[in-house]
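J.: Can you read through this structure? Questions will come right after.
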Amino acid sequence: MIQPPQQIENRSEEAVVQSWDIRSMKVEPHKPQVLRTSAEARSIAINLPAGDELQEHRTHEAAY
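The working numbering numbers the first residue of the sequence shown as 94 and each following residue consecutively.
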């Protein structure tokens, strides 16, 4: 089960940053779990065993 992200506020800039404790997540190898989706971006957790590689893929960079 994915835990909700922690909310970290920076009051001087009024920004909110989300973070997840990925070490505590039980993500099965090669079965990514979506942590957050918005119109601009998607955050995912991937368990990639040592020695394995991601296949060719595209990324669209954005920050939360």
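No residue lacks a Cβ here, since even glycine has one placed at the ideal position from N, Cα and C. The structure presented is a predicted model; accordingly, all values stated were derived computationally and were not measured.
1. Mapping the DSSP letters down to three states, classify R116 as helix, strand or coil.
2. Which residue wins for smallest C-alpha separation from R135, given the options E121, Q126, V109?
3. So, are the CB atoms of A138 and I115 less than 8 Å apart?
4. What whole-angstrom Cβ distance do V109 and N140 have, given they're in contact under 8 Å?
5. So the candidates are H123, S117, A132; which of them puts its Cα closest to the Cα of Q148?
T.: Inspection of the coordinates gives the following:
1. helix
2. Q126
3. yes
4. 27 Å between Cβ atoms; not a contact.
5. H123
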